[in-house]
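Top to bottom, those sequences are chains D and Z.
End of the first sequence sits at 302 in the numbering used here; the numbers just go up one at a time, nothing left out.
End of the second sequence sits at 302 in the numbering used here; the numbers just go up one at a time, nothing left out.
Beta carbons: idealized from backbone N, C-alpha and C, even for Gly.
See below for the structure under consideration.
2 protein chains.
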Amino acid sequence: QLVAELTAFFQPKRLKGKRVLITAGPTTEAIDPVRVITNRSSGKTGYALASAAWEAGADVTLISGPTALETPYGVVRTVVESAQQMHDAVMSQIAHQDLFISVAAVADWRVANVSGEKLKKDGSGAPKIEFAPNPDILATVAAIPNGPWCVGFAAETENLAQYAEEKRKRKGISMLIGNLAQHVMDADHTTVSIFDDAGEHRLPKSSKQAVARQLIEAIAQRLPQVPPCKA
Amino acid sequence: QLVAELTAFFQPKRLKGKRVLITAGPTTEAIDPVRVITNRSSGKTGYALASAAWEAGADVTLISGPTALETPYGVVRTVVESAQQMHDAVMSQIAHQDLFISVAAVADWRVANVSGEKLKKDGSGAPKIEFAPNPDILATVAAIPNGPWCVGFAAETENLAQYAEEKRKRKGISMLIGNLAQHVMDADHTTVSIFDDAGEHRLPKSSKQAVARQLIEAIAQRLPQVPPCKA
Numbered sequence: 072q073l074v075a076e077l078t079a080f081f082q083p084k085r086l087k088g089k090r091v092l093i094t095a096g097p098t099t100e101a102i103d104p105v106r107v108i109t110n111r112s113s114g115k116t117g118y119a120l121a122s123a124a125w126e127a128g129a130d131v132t133l134i135s136g137p138t139a140l141e142t143p144y145g146v147v148r149t150v151v152e153s154a155q156q157m158h159d160a161v162m163s164q165i166a167h168q169d170l171f172i173s174v175a176a177v178a179d180w181r182v183a184n185v186s187g188e189k190l191k192k193d194g195s196g197a198p199k200i201e202f203a204p205n206p207d208i209l210a211t212v213a214a215i216p217n218g219p220w221c222v223g224f225a226a227e228t229e230n231l232a233q234y235a236e237e238k239r240k241r242k243g244i245s246m247l248i249g250n251l252a253q254h255v256m257d258a259d260h261t262t263v264s265i266f267d268d269a270g271e272h273r274l275p276k277s278s279k280q281a282v283a284r285q286l287i288e289a290i291a292q293r294l295p296q297v298p299p300c301k302a
Numbered sequence: 072q073l074v075a076e077l078t079a080f081f082q083p084k085r086l087k088g089k090r091v092l093i094t095a096g097p098t099t100e101a102i103d104p105v106r107v108i109t110n111r112s113s114g115k116t117g118y119a120l121a122s123a124a125w126e127a128g129a130d131v132t133l134i135s136g137p138t139a140l141e142t143p144y145g146v147v148r149t150v151v152e153s154a155q156q157m158h159d160a161v162m163s164q165i166a167h168q169d170l171f172i173s174v175a176a177v178a179d180w181r182v183a184n185v186s187g188e189k190l191k192k193d194g195s196g197a198p199k200i201e202f203a204p205n206p207d208i209l210a211t212v213a214a215i216p217n218g219p220w221c222v223g224f225a226a227e228t229e230n231l232a233q234y235a236e237e238k239r240k241r242k243g244i245s246m247l248i249g250n251l252a253q254h255v256m257d258a259d260h261t262t263v264s265i266f267d268d269a270g271e272h273r274l275p276k277s278s279k280q281a282v283a284r285q286l287i288e289a290i291a292q293r294l295p296q297v298p299p300c301k302a
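If you want it as structure tokens, here you go:
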């Protein structure tokens with residue numbers, strides 16, 4: 072805590088007085104009471120951004136899927152499992168936020184035919200899993216009138232620039248941070264690019280904490296200086 | 072470490088000189104480079120048994136799926152992801168083992184059509200996941216001529232006694248430990264029953280570490296005193 076306070080003391084207070092909501096980690100979608108579909112997101116990038124935003128003077132709320140990580144110092148955290156739960160937690164906190172940073176790797180689909188009992192391995196063959204679409208949390212928040220300024224993340228395994236730009240347009244946001252998933256999932260170092268109306272800006276490879284501070288600076292530069300009145 | 076050594080000093084050396092292989096935790100089955108199917112097993116029960124077996128004087132090898140747990144003091148650990156990797160790790164270590172305790176929640180099925188690239192949310196609808204059966208690690212080890220004495224685990228959400236007895240017969244093992252999954256997954260306390268030829272023996276609810284010591288004692292009582300010669 073002393074180290075956290077000291078480190079924060081020397082960071083520029085670029086988000087002083089701002090309220091920031093960040094999602095992080097994977098979501099888990101139940102198949103039955105014991106089996107789940109999830110993803111390899113460690114949550115480290117989102118947690119590092121939450122720390123960096125707090126260091127920069129922001130009032131930070133973190134909505135996290137299941138991870139092995141501790142709550143970052145100074146940050147208020149809510150832990151959820153499914154994409155629907157993450158959606159509900161975000162929407163319950165979204166009023167009065169200045170900035171929403173969507174880092175969580177949210178499942179696009181949930182299991183439509185969740186079993187209330189553990190599926191048995193009997194003679195009936197492989198399980199039949201049916202899917203239903205999950206709510207799009209980032210697009211929902213981005214569409215809120217006079218809502219927070221929104222930053223998205225895209226983890227792709229190829230064609231990053233193309234997919235990131237498509238995602239930025241589809242979600243209706245002005246800034247998206249992209250990375251190649253095989254280089255970042257569960258790793259402590261990361262290489263990311265910022266995509267905005269001016270194109271792609273690649274940041275040098277560094278620790279997730281150093282990259283997070285650079286991203287908070289880049290976000291602070293782009294954040295409208297006079298935000299619209301909040302409800 | 073000092074505490075671990077001191078605690079162990081006061082435990083009866085019921086497995087002195089025995090070689091014990093234990094599996095623990097969930098397995099993860101890839102859907103694509105970022106998405107996986109897994110289960111809610113925390114690994115705590117298997118890790119507690121590994122500790123208790125080491126305290127009882129055994130030479131313990133732990134093959135673990137992905138967990139947030141540290142390697143138990145005194146235990147040699149290998150970490151794997153998929154059921155096939157766990158099978159291969161177990162088979163590479165199984166020679167010369169006296170006892171095999173299968174605690175891991177191993178996926179019955181893997182994804183047959185794993186995608187090499189991250190599946191995109193486009194207009195083509197929900198993902199189509201096809202399944203292929205995984206190897207049955209416990210049944211394979213139980214069928215090894217002059218192989219180790221085998222103990223299985225069953226986590227069920229209902230009909231525990233019936234399912235546990237069926238599983239014990241199907242796997243060809245003489246002792247199976249059963250618990251109700253909703254009472255044990257990711258919890259620090261647990262209630263278990265031992266199933267053997269004499270029926271069901273329910274142990275009192277206790278911490279996973281205390282239950283693990285009782286189970287090691289129960290296993291030591293049943294372990295053949297003069298094991299067959301090993302290859």
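Item                                                                                                                : Value
Inter-residue spacing [alpha-carbon to alpha-carbon] between D:A213 and Z:G128                                      : 60 Å
8 Å Cβ cutoff, D:K338 in contact with chain Z                                                                       : The structure shown does not extend to residue 338 of chain D, since chain D is modelled only from 72 to 302, so the question has no answer here.
D:V266: contacting residues in chain Z (beta-carbon distance under 7 Å)                                             : Correcting the residue type first, residue 266 of chain D is Phe in the shown sequence and not Val. None at all; the shortest Cβ gap to chain Z is about 17 Å.
CB contact check: D:D179 to chain Z, cutoff 8 Å                                                                     : yes
Where D:H158 falls: helix, strand or coil (DSSP)                                                                    : helix
Span separating the alpha-carbon of Z:K55 from that of D:K191                                                       : In this structure chain Z extends from 72 to 302, so residue 55 of chain Z is not present and cannot be described.
Own chain residues within Cβ distance below 7 Å of Z:E314, not counting five before or after                        : There is simply no residue 314 of chain Z to check, as chain Z begins at 72 and stops at 302 in what is shown.
Nonlocal neighbours in the same chain, by C-beta distance under 6 Å from D:S122, ignoring five residues either side : P143
Beta-carbon neighbours of D:N110, restricted to chain Z and to distances below 7 Å                                  : V105, R106, V107
Exposed unless 16 or more other CB atoms sit within 10 angstroms - verdict on D:Q24                                 : There is simply no residue 24 of chain D to check, as chain D begins at 72 and stops at 302 in what is shown.
Per-residue burial, Z:R106 [other beta carbons within 10 Å of its own, 16 or more giving buried]                    : buried
Helix, strand or coil at Z:G313 [DSSP, three-state]                                                                 : Only positions 72 to 302 of chain Z appear in this structure, which leaves residue 313 of chain Z out of reach.
Ordered list of beta strand (DSSP E) runs contained in the region 146-200 of chain Z, each at least 3 residues      : 147-150, 170-173, 180-182
Under 9 Å from the C-beta of Z:E229: neighbouring residues of chain D                                               : E188, K189
Status (buried if at least 16 other CB within 10 Å, exposed otherwise) for D:N110                                   : buried
Z:T78, DSSP secondary structure in three states                                                                     : helix
Contact list for the region 196-211 of chain D against chain Z, Cβ threshold 7 Å                                    : A197, P198, I200, F202
Cα-Cα separation, Z:D259 to Z:A283                                                                                  : 12 Å
For D:R85 and D:Q292, the rounded distance between their alpha carbons                                              : 9 Å
Within 8 Å, strictly: CB atoms of Z:H272 and Z:S278                                                                 : no
At least 3 beta-carbon pairs within less than 8 Å: the region 133-148 of chain D vs the region 141-161 of chain Z   : no
Status (buried if at least 16 other CB within 10 Å, exposed otherwise) for Z:D130                                   : buried
Residue closest to D:A178, alpha-carbon to alpha-carbon, out of D:E152, D:G187, D:S186, D:K189                      : D:E152
Cβ neighbours of Z:P299 in the same chain (closer than 8 Å, five flanking residues each side left out)              : Bear in mind that a pLDDT of 49 at Z:P299, under 50, signals an unreliable position, so the model cannot answer this.
Local Cβ density within 10 Å of D:N230, reported as buried at 16 or more and exposed below that                     : exposed
Bounding residues of the alpha helix (DSSP H) (the contiguous stretch that carries Z:L231)                          : 231-242
Proximity winner among Z:L294, Z:V174, Z:A269, Z:Y234, relative to Z:G96 (alpha-carbon distances)                   : Z:V174
Beta-carbon proximity check, D:E100 vs D:A154, cutoff 8 Å                                                           : yes
Which of helix, strand or coil DSSP assigns to D:T132                                                               : strand
For Z:S348, three-class secondary structure by DSSP                                                                 : Missing from the structure shown is residue 348 of chain Z; chain Z here goes from 72 to 302 and no further.
C-beta contact flag for D:A166 and D:T149 at 8 Å                                                                    : no
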